[in-house]
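J.: Questions regarding the structure given below will be posed in turn.
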Amino acid sequence: METLMELTEEELAKLGLDRLGPRNKLFSHIQHLKLAFPRVLSTRDRDVEARAIDFADLKLGKTLAQGRTGEVFEGRLRNHTSVVIRRLNKNVNQTIFLNEAKLFSLVSSHPHVVAFMGVAKDADHLYLVYERVPDGTLRDYLQSRKKKLPLHTLIDLTKDVAAGMDHLHQHGIVHRNLTAGNLVLERLRSYNIVKVCDAGLLKALEAAGHYQQASARWLSPEAIAWQKFTPKSDSWSFGVVMWEIFSGGKLPFSEHGDDDEERVEEMIGRVPLACPAGCPEEVFRIMESCWAADPDQRPTMYDLGNKLADLDYGRDGDGPDSEDDSSDSSDGESAESDDGATSTTSDEVYSSDGSGSQAVYASLRDSR
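When you line the sequence shown up against UniProt numbering, it's residues 1 to 368, in that order.
Right, here's the structure in full:
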C-alpha cells in the first residue's frame, strides 16, 4: 500500500490514474485501510527529489498575492490542470527553496494533504507549483449547509483531517495553524475529500503576507503562553476543528464575539467548549481528550485516526453525501438522510466559485 502511494506521475498514468479525482479516491481508501494496521506501515523516510516541471507547461493567471520573497498566481499546468504557482524573486536563495521543495514533494504525496506538484525554472525565476483545490474551505462548506450533515459524513470529514495531519507529523512537521478555515474541500461524485494545506503552501501564504498566527480560539495553553508548538499542540487544535465540524462551522467561543481575543485567551484551558447540539457523547469525549492540560496526555493524530475509525453510525448503503450533497443531483430536490433529516441537494445548498485554494488566503487573512 505504501509503495502504491509513492508512485510517480508517469507510473500512475500507466495505471489509468492520471486524474486527481480517481487517484484521491483510491488513496483515501488506502489511508483508511492503513488505520486498521499496525504502525509498521508508516511512511518510510527516504531521499526524494522535487519533480521538475517544464516552464513551457505552465501558464500564469491572475495574481493572488505578493510578498517579500515573491508572488502567488493562479494558473494551469499543461493547459488542463488548475494550480497555484509561487514565483520566487530573483534575489532569494534558491538552494534553500529547492531543499524545501524536496521535503514538500515527499510530504504532499498523500490524498489528504494539498499536493506539491513540482518545481519549474525560467531564466530568472524559480516557480513552486501546488495543487489548486477548487471547492472552498471546510468552514465555508459547513456554514453553507441548510440541514445538519449525517453523523457518518461528519466522521468521514474528521477522519480525513486526522489522516492528513498524521502524515505531516510523521515527517516532523507541526502545522501550528489548524482551523476549519485552513482546510480545503474537493467534492467528488459521491463523497468529499478534506485536505490539509501542507507546510509548502503555508510558507507561500506567509511570504505573501496572508499567513498569520492562529487565533487563540484554536491554540493550546502552552502555545498561547510560551509559543510552544508541538504535534500535541496540533492535537489540541484538532479537537477544536472537530468541534467546528460537529457544530456546523460555528466560531469557537463565539459567545465572546469575534474580536475579544484577550478574553478568549483567558478562557483557554479553564472554560471548555460545550458539546455541540446533536453530537454523540463518545465523539465529544474524543474532542475532550485533545484538550488535556498536560500535552503528554493528549492523543496523537494516529491515535485519533484509530478512535474515529472505530466509530460506526451506519450508512444504510448510502455514500457519505448521496443523501444530502451528491454532485450527481442538480435539480434541487430534497432527499432523506439516514439520520432522519431532510436535506437539499448540492446545487441549492452549496455552490463554489472554484476558488478553494484562494479561499484559504482570505480565511487566513482574518485567522478565524
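Even glycine gets a Cβ: it sits at the ideal position worked out from N, Cα and C. Please read these numbers as outputs of a predicted model, since none were measured by experiment.
Please report the distance separating the alpha-carbon of Leu-142 from that of Gly-248.
T.: Within the sequence shown, the letter at position 142 stands for residue 142. Within the sequence shown, the letter at position 248 stands for residue 248. Going from the Cα of Leu-142 to the Cα of Gly-248 covers about 5 Å.
J.: Measure the Cβ-Cβ separation of Asp-234 and His-175 and say whether it is below 7 Å.
T.: Looking up residue 234 in the sequence shown gives position 234. Looking up residue 175 in the sequence shown gives position 175. Taking 7 Å as the Cβ cut-off, Asp-234 and His-175 qualify as a contacting pair.
J.: Which same chain residues, not among the five before or five after Arg-87, have their C-beta less than 6 Å away from its C-beta?
T.: Counted from its first residue, the sequence shown places residue 87 at position 87. Excluding positions up to five away in sequence, the list reads Gly-70, Glu-71, His-125 and Tyr-127.
J.: Any idea if Ser-215 is buried or exposed, counting beta-carbon neighbours within 10 angstroms, 16 or more meaning buried?
T.: For this step, residue 215 is matched to residue 215 along the sequence shown. Result: buried.
J.: Rounding to the nearest angstrom, what Cα-Cα distance links Met-242 and Met-287 in this structure?
T.: For the purposes of this step, residue 242 is identified with residue 242 of the sequence shown, where counting begins at 1. For the purposes of this step, residue 287 is identified with residue 287 of the sequence shown, where counting begins at 1. About 7 Å.
J.: Could you please give the first and the last residue of the uninterrupted beta strand (DSSP E) stretch that includes Ala-65?
T.: By 1-based counting over the sequence shown, the position of residue 65 is 65. 58-66 is the span of the beta strand (DSSP E), which, as asked, contains Ala-65.
J.: Is it true that the CB of Ala-292 sits closer than 7 Å to the CB of Arg-298?
T.: Numbered from 1 along the sequence shown, position 298 holds the residue referred to as residue 298. Numbered from 1 along the sequence shown, position 292 holds the residue referred to as residue 292. The answer is yes: Cβ separation under 7 Å.
J.: Do you know offhand how far Leu-106's Cα is from Gly-61's?
T.: Taking the first residue of the sequence shown as 1, we reach residue 106 at position 106. Taking the first residue of the sequence shown as 1, we reach residue 61 at position 61. Answer to the nearest angstrom: the Cα atoms are 27 Å apart.
J.: Is it right to say Lys-228 is buried, meaning 16 or more other beta carbons lie within 10 angstroms of its own, or is it exposed?
T.: As a first step, residue 228 is located in the sequence shown; it is residue number 228 there, counting from the start. Classification for Lys-228: exposed.
J.: Which parts of the segment 247-302 are runs of the alpha helix (DSSP H), unbroken and 4 residues or longer, counting only runs that do not cross its ends?
T.: Listed in chain order, they are 261-267 and 281-290.
J.: Below 6 Å CB to CB, which residues in the same chain sit around Tyr-313 once its five sequence neighbours on both sides are set aside?
T.: Counted from its first residue, the sequence shown places residue 313 at position 313. These residues qualify, in order along the chain: Leu-151 and His-152.
J.: Is Pro-252 closer than 7 Å to Arg-217 when the C-beta atoms are compared?
T.: Stepping through the sequence shown from its first residue, residue 217 is reached at position 217. Stepping through the sequence shown from its first residue, residue 252 is reached at position 252. In contact: Arg-217 and Pro-252 (Cβ atoms closer than 7 Å).
J.: Taking the continuous beta strand (DSSP E) assigned at Asn-99, which residues delimit it?
T.: Taking the first residue of the sequence shown as 1, we reach residue 99 at position 99. Where Asn-99 is concerned, there is no enclosing beta strand (DSSP E), although the alpha helix (DSSP H) it sits in stretches over 94-107.
J.: With three or more beta-carbon pairs closer than 8 Å as the criterion, would you say the segment 92-105 touches the segment 49-60?
T.: Touching, per the Cβ criterion.
J.: Output the boundary residues of the beta strand (DSSP E) element that contains Gly-75.
T.: Position 75 of the sequence shown, counted from the first residue, corresponds to residue 75. Element bounds for Gly-75: 70-77.
J.: Per DSSP, what kind of secondary structure is Tyr-127 in: helix, strand or coil?
T.: Residue numbering aside, residue 127 sits at position 127 when the sequence shown is read from its first letter. In the structure shown, Tyr-127 sits in a strand (DSSP, three-state: E or B).
J.: Please state whether DSSP places Ala-120 in a helix, a strand or coil.
T.: Translated into positions along the sequence shown, residue 120 becomes position 120. Three-state DSSP puts Ala-120 in a strand.
J.: Specify whether the segment 298-310 and the segment 157-168 touch according to this definition: at least 3 beta carbon pairs, one from each stretch, less than 8 Å apart.
T.: Verdict: yes, contact present.
J.: Can you tell me whether DSSP reads Asp-160 as helix, strand or coil?
T.: Counted from its first residue, the sequence shown places residue 160 at position 160. Asp-160 falls in the helix class under three-state DSSP.
J.: To the nearest angstrom, how far is it from the Cα of Arg-145 to the Cα of Arg-76?
T.: Here residue 145 is taken as the residue at index 145 of the sequence shown, counted from 1. Here residue 76 is taken as the residue at index 76 of the sequence shown, counted from 1. Rounded to the nearest angstrom, the two C-alpha atoms are 31 Å apart.
J.: Alpha carbon to alpha carbon, what distance is there between Arg-132 and Ala-115?
T.: Taking the sequence shown and counting its residues from 1, the one referred to as residue 115 is at position 115. Taking the sequence shown and counting its residues from 1, the one referred to as residue 132 is at position 132. C-alpha separation (whole angstroms): 8 Å.
J.: As a quick exercise: from Tyr-130, Leu-178 and Lys-195, pick the residue whose alpha carbon is nearest that of Leu-157.
T.: Numbered from its first residue, the sequence shown carries residue 157 at position 157. Cα-wise, what sits closest to Leu-157 is Lys-195.
J.: Classify Asn-91: buried if its beta carbon has 16 or more other beta carbons within 10 angstroms, exposed otherwise.
T.: Numbered from its first residue, the sequence shown carries residue 91 at position 91. Exposed, because fewer than 16 other Cβ atoms sit within 10 Å of the Cβ of Asn-91.
J.: According to DSSP, is Ser-237 helix, strand or coil?
T.: If you number the sequence shown from 1, residue 237 lands on position 237. Note: Ser-237 maps to helix in three-state DSSP.
J.: Relative to the C-alpha of Val-84, which candidate in Pro-134, Tyr-191 and Pro-231 has its C-alpha closest?
T.: In the sequence shown, counting from the first residue as 1, residue 84 sits at position 84. Comparing Cα positions, the closest option is Pro-134.
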